[in-house]
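There are 2 protein chains.
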Amino acid sequence: MIQAAPIDAVMRALADPTRRAVFQRVVSTDEITVADLTHGSGVTQGAISQHLKTLKLAGLVAERPEGRKVYYRAEPEGLAPLADWMNHYSVFWKDRFSNLRELLKEIDHD
Amino acid sequence: MIQAAPIDAVMRALADPTRRAVFQRVVSTDEITVADLTHGSGVTQGAISQHLKTLKLAGLVAERPEGRKVYYRAEPEGLAPLADWMNHYSVFWKDRFSNLRELLKEIDHD
DNA sequence: ACATCAAATTAGCATATACTAATGCATTAG
DNA sequence: CTAATGCATTAGTATATGCTAATTTGATGT
């Protein structure tokens, strides 16, 4: 091990395909319960809870307990370390900026 | 395991801090040999070779053998899967676009 | 030819990780 | 109060991973 920065937690959290899939499902919904995430995930509820814990520690998701359910939502700022890291290599992906360019236009018109 | 896409190889390759450090050193130079990468890395030459192999399989570096040395260089397009993945969540990092905005200006003036 | 050097590969080991099954802990329903 | 529900946590296990030390492979130098 060489460092233990936030980028580390983020990259480790997103390295696992199952966990990345969980994150994507959380992102694609406003809020979603553990039970709903478990359905169709291919793993047990316990595994989902473990993945959510990892994502939470990485700052990628947040929870909102309600009764005996717990709703999870994506945490936008959690991706910041990764965005910053990418930014550092941005000269590399100049050619892939078409979408971003469009996005910037949208932001400008907000 | 749920999938085995290129994003998977890239994320796994960049998940390890030591390997990420190797990549950064490769990026920061035009070309660099295994021996040079080994110096100051804190791990053995064998370990560095292993990390380079992983990075190569992920498409993040390329090699140029010359005599008994092998020069490694960064492979820009290897980051494309990660850039695309980030792009998918771009609505999340709207607020972190200042640098990109500057970069786009530079590109526009090329 | 022989020794040396650079890098890749291998075997072995220790740790980390992803998972399941089982259990624990609140909360709600009857 | 008791049972059931939703989620977290734990123990245990199998596999993956990162590392070292040693060896192999290939190229250069003497």
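Protein chains in written order, with the working numbering: chain Z, 1492 to 1601; chain A, 1492 to 1601. Glycine residues also receive a C-beta, built at the ideal position from the N, C-alpha and C atoms.
Span of the alpha helix (DSSP H) around residue i
| i | result |
| --- | --- |
| residue 1510 of chain A | 1508-1519 |
| residue 1552 of chain A | No alpha helix (DSSP H) holds residue 1552 of chain A; the beta strand (DSSP E) holding it covers 1552-1557. |
| residue 1526 of chain A | 1525-1529 |
| residue 1574 of chain Z | 1571-1579 |
Integer-rounded CB distance, given that residue j should sit under 8 Å from residue i
| i | j | result |
| --- | --- | --- |
| residue 1518 of chain Z | residue 1580 of chain A | 7 Å |
| residue 1535 of chain A | residue 1510 of chain A | Going by Cβ atoms, the distance from residue 1535 of chain A to residue 1510 of chain A rounds to 14 Å, so no, they are not a contact pair. |
| residue 1569 of chain A | residue 1551 of chain A | 4 Å |
Collapsed DSSP secondary structure at residue i in the structure displayed
| i | result |
| --- | --- |
| residue 1561 of chain A | strand |
| residue 1540 of chain Z | helix |
| residue 1566 of chain Z | coil |
| residue 1496 of chain A | coil |
| residue 1535 of chain Z | coil |
| residue 1504 of chain Z | helix |
Environment of residue i [buried if 16+ CB atoms lie within 10 Å]
| i | result |
| --- | --- |
| residue 1494 of chain Z | Residue confidence is low: residue 1494 of chain Z scores 35 on pLDDT, short of 50, so the model does not pin down where it sits. No coordinate-derived value is stated. |
| residue 1530 of chain A | exposed |
| residue 1501 of chain A | buried |
| residue 1521 of chain A | exposed |
| residue 1574 of chain A | buried |
| residue 1557 of chain Z | exposed |
| residue 1496 of chain A | exposed |
According to a CB-to-CB cut-off of less than 8 Å, which residues of the segment 1543-1557 of chain A neighbour chain Z?
-> none
Note down, in chain order, all residues in the segment 1526-1543 of chain A with a beta-carbon under 8 Å from any beta-carbon belonging to chain Z.
-> 1533
Taking a cut of 7 Å between CB atoms, which residues from the segment 1504-1528 of chain Z lie near chain A?
-> 1505, 1506, 1508, 1509, 1512, 1518
Any residues in the segment 1567-1583 of chain A with a beta carbon nearer than 9 Å to a beta carbon of chain Z? Which ones, in chain order?
-> 1567, 1568, 1569, 1570, 1571, 1573, 1574, 1575, 1576, 1577, 1578, 1579, 1580, 1581, 1582, 1583
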